[in-house]
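From first to last, the protein sequence lines are chains H and P. Terminal number for the first sequence in this note's numbering: 332, no gaps in between. Terminal number for the second sequence in this note's numbering: 332, no gaps in between. Built from N, CA and C at the ideal position, the CB exists for glycine as well. Just so we're clear, the structure is a prediction, and the values are computed from it rather than from any experiment. Report on the structure given below.
2 protein chains.
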Amino acid sequence: MHKISIKDVAKKANVSITAVSQILNNKGERFSEETIKKVLQARDELGYVPNSAARNLKVRHSRLIGIIVPSFRMPFFADIIQSMQDNAPEDVNLVFIGSTADNLQSSIYSLVERGVQALIFGRPIPNRDVVNAFLKKRHIPYLVLDQNADINAQDMVQTNEFTGGSLAASHLLSLGHRDIALILPNELTDNMRQRRAGFLDTLSAANVTPVSVISSALSKHGGLAVVHQLIQSQATAAFVLNDEMAIGVLRGLTWQNVKVPENMSIVGYDDTDYAEFMVPSLTTIAQPVAEIGQSALNMILQRLAHPNLPYQTAFFDVKLVIRESTAKLLLD
Amino acid sequence: MHKISIKDVAKKANVSITAVSQILNNKGERFSEETIKKVLQARDELGYVPNSAARNLKVRHSRLIGIIVPSFRMPFFADIIQSMQDNAPEDVNLVFIGSTADNLQSSIYSLVERGVQALIFGRPIPNRDVVNAFLKKRHIPYLVLDQNADINAQDMVQTNEFTGGSLAASHLLSLGHRDIALILPNELTDNMRQRRAGFLDTLSAANVTPVSVISSALSKHGGLAVVHQLIQSQATAAFVLNDEMAIGVLRGLTWQNVKVPENMSIVGYDDTDYAEFMVPSLTTIAQPVAEIGQSALNMILQRLAHPNLPYQTAFFDVKLVIRESTAKLLLD
DNA sequence: TTTGAAATTGGAAGCGTTTTCAAAAAAATT
DNA sequence: AATTTTTTTGAAAACGCTTCCAATTTCAAA
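This is the structure in structure tokens:
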């Protein structure tokens, strides 16, 4: 019934509350060996666990950081948050939320109610201005992952999406493909736009334009649903803006008896866990996911320590991973 | 600098703190229209957001529920937590932790420091006794997912793992297979044991014993690493205890030019998102993941509302999903 | 012994809320 | 106009903790 508090251990150890607090927080050098022992023992016998709500209230901060991603179910983000958690310092607490555009606002609100001191956005922010104003007003710094944003408004970590798209294009080009399709999600996020830009630029530098640009739902099923369009386009290769969709495409192609890579080359994006396990394994653009997660966390921790330093942007490079889903164009 | 508090809005609205508190918590019927309006307006102008640490301290509860899973990167658990979050009532907060056996204890500790009122374990609990004692002492109810446990010690949600294993066996049997391998993870969790039991029982009822039992790391790479053993076993079919490993196996088999299902049938377990996208698509045992997540959350909420009701166990059925990775044994 | 310094300890305020209970104001009844 | 009833409001305590600062004890030096 009765939650045991610092008062209880003070009473049991026959010392003041002050002593208990100081000692348990490793600030008790000034106390005698004996008191220290008494306190520790009382703590253990009682099984006292401090109440961080009370602590936070008093010290006026929480060491709580909120991380907002579109969904836990996307491997890319699962990797990111796992790497954050694995690398978080002992004394900081992370809270993850998978949040759609619809409830982003209320997610943010609930997070600041809970006292987060900083936020990391792994997803696009609708109404960026109001979110920014809201957060700035409360002095809650935030960081955005892979999104265009005012470089002077917050920290960012970015990967070289443009290069990514470009790498995909030159790979396909170098294999001799000229009839190339582009498959992109219905709703383009900033990073997707850059992938596309890099891809398109490199293509047009070689004087080729895509034979087809296809919109798909951002999911495996989305990719699957779109393969007949791809087939009709007469393309010999396709760049699919992320691995999830690419996996769907691969699957659909096999069902339609289109051989990959003999009759169609496919390159994805993200180098998700699953890419190398597809049949055929998926050529794709790899991002250093773990580093991205760590870096984001570290930057925001930095920010908390030094609120007034100029905002920073971390850049990560991207690389092409060649696997089985792409091959030289066969001439007939 | 200065975080704005209830006091500020009271001052601005020219009313008491009491009034503000009551009104903003929808307990302000007794106040006049006018005061209510003043308060709301002041709240809005100031952009006041209540401090839940203070609130929790005062009301002595948090509506916070901790969910501990082995890793965010396992699709099965990603699905579970997503479904929990999607179905959580407005006023409850969820905090997810991906925790290995090593830091389970400290994860739990940190969660109770943060004031969780209940816990859901999606992973095995080493030292169950001490965990149980720790939690019971603090009146923190918990629920376990798919684990053996004293039915009178906590709530549980289980799926019919035994049936799952059995279904896999009879499917393979009915296809004419008699040389069947079993691939299981290095470390068997309770639910894995049951899968195995169901599988083995059904096999032996038909008078067959596995030609080989192979241990693998619980991952795609683990499955991959183990295919040569599988091939050497001369099995014509294998039951792999989860989809992740099965995906690895599928991949390895293709590389070894073993045709699935012509030369080897494979059945997995979980019906992960990816199962249907493999080439060949994976026959597997499906669990109603979303329902499981919701049910777990609802049960623990129930428990919070009625701490003294007898513990309950929810059972979910499991079903065989036949896809391309299994086929009739070809006679030669 | 006395004194002063050093070592050790504890009282109390306050963090932002909620809630009880009494007080004040307004309205209704004599 | 006086009284009672009803409506509306606010003061203050408490939740569990940290921390400032003053109080007490111990000990060495005079």
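Is the Cβ-Cβ distance between residue i and residue j less than 8 Å?
| i | j | result |
| --- | --- | --- |
| P/ARG117 | P/ARG63 | Arg is not the amino acid found at residue 117 of chain P; the sequence shown has Gln there. Cβ atoms of P/GLN117 and P/ARG63: closer than 8 Å. |
| H/ILE97 | H/SER107 | yes |
| H/ILE285 | H/ASP271 | yes |
| P/ILE247 | P/TYR269 | no |
| H/VAL213 | H/LEU173 | no |
| H/PHE315 | H/GLN158 | yes |
| P/VAL249 | P/GLY223 | yes |
| P/ASP237 | P/MET264 | Note on residue identity: the sequence assigns Ala, not Asp, to residue 237 of chain P. Going by C-beta atoms, P/ALA237 is nearer than 8 Å to P/MET264. |
| H/VAL267 | H/GLN234 | no |
| H/ILE80 | H/GLY122 | yes |
| P/SER325 | P/VAL260 | yes |
| H/LEU94 | H/ILE65 | yes |
| P/GLU244 | P/GLY198 | no |
| H/ALA78 | P/ALA78 | yes |
| H/SER71 | P/GLN82 | yes |
So, at 7 Å on beta carbons, what are the nonlocal neighbours of residue i in its own chain, with the 5 sequence-adjacent residues on each side left out?
| i | result |
| --- | --- |
| H/THR209 | LEU203 |
| P/ARG15 | Going by the sequence as given, residue 15 of chain P is Val instead of Arg. If we look at P/VAL15 and ignore the five residues flanking it on each side, its Cβ neighbours are THR35, LYS38, VAL39. |
| H/ARG178 | VAL208 |
Using a C-beta cutoff of 8 Å, does residue i count as contacting chain H?
| i | result |
| --- | --- |
| P/ASP243 | no |
| P/GLN85 | yes |
| P/LYS38 | no |
| P/ARG30 | no |
| P/SER419 | Here chain P covers residues 1 to 332 and nothing more, so residue 419 of chain P does not appear. |
| P/ARG114 | yes |
| P/GLY47 | yes |
| P/ASP79 | yes |
| P/ILE247 | yes |
| P/GLY339 | Residue 339 of chain P is absent from the structure shown; chain P starts at 1 and stops at 332. |
| P/ASN93 | yes |
| P/ARG323 | no |
| P/LYS11 | no |
In whole angstroms, give me the CA-to-CA distance for residue i and residue j.
| i | j | result |
| --- | --- | --- |
| H/GLY176 | H/VAL92 | 51 Å |
| P/LEU282 | H/GLN312 | 46 Å |
| P/GLU113 | H/LEU188 | 41 Å |
| H/ILE300 | P/SER110 | 21 Å |
| H/PRO335 | H/ALA327 | The displayed coordinates of chain H run from 1 to 332. Any statement about residue 335 of chain H would go beyond what the structure contains. |
| P/ILE67 | P/VAL144 | 10 Å |
| P/SER52 | H/LEU253 | 52 Å |
| H/VAL69 | H/ALA101 | 10 Å |
| P/LYS220 | P/ASN26 | 52 Å |
| P/LEU330 | P/ILE322 | 18 Å |
| H/GLN105 | H/PRO288 | 29 Å |
| P/VAL279 | H/PHE277 | 10 Å |
Using a C-beta cutoff of 8 Å, does residue i count as contacting chain P?
| i | result |
| --- | --- |
| H/GLN259 | Just to set this straight, residue 259 of chain H is Lys in the shown sequence, not Gln. H/LYS259 does not count as touching chain P. |
| H/ASP273 | yes |
| H/LEU57 | yes |
| H/THR326 | no |
| H/SER52 | yes |
| H/GLN41 | no |
| H/VAL130 | no |
| H/THR283 | no |
| H/GLY98 | yes |
| H/TYR311 | no |
| H/ARG73 | yes |
| H/LYS137 | yes |
| H/ARG303 | no |
| H/VAL279 | yes |
| H/LYS220 | yes |
Grab me the residues of residue i's own chain with a C-beta within less than 6 Å of its C-beta, minus the 5 sequence neighbours each way, in chain order.
| i | result |
| --- | --- |
| P/PHE76 | ASP270 |
| P/LEU297 | MET84 |
| P/LEU135 | TYR142 |
| H/ALA13 | LYS38, VAL39, ALA42 |
| H/GLN229 | ILE214 |
| H/ALA290 | SER83 |
Verify the contact flag: residue i, CB atom, against every heavy atom of the ligand PLP, threshold strictly below 7 Å.
| i | result |
| --- | --- |
| H/ARG43 | Of ligands this structure carries none, so the ligand PLP is not represented either. |
Considering only residues of the same chain and omitting the five flanking positions on each side of residue i, which have a CB-CB separation below 8 Å?
| i | result |
| --- | --- |
| H/ARG55 | none |
| P/ARG138 | VAL112 |
Exercise for the section: Assess, as a yes-or-no matter, whether the region 142-149 of chain H is touched by the region 185-198 of chain H under the definition of 3 or more beta carbon pairs within less than 8 Å. Expected result: yes
Problem - At least three beta-carbon pairs within less than 8 Å, the region 296-314 of chain H to the region 2-11 of chain P - result: no
Exercise for the section: Please confirm if the region 165-180 of chain P is in contact with the region 131-141 of chain P, defined as three or more CB-CB distances below 8 Å between the two stretches. Expected result: no
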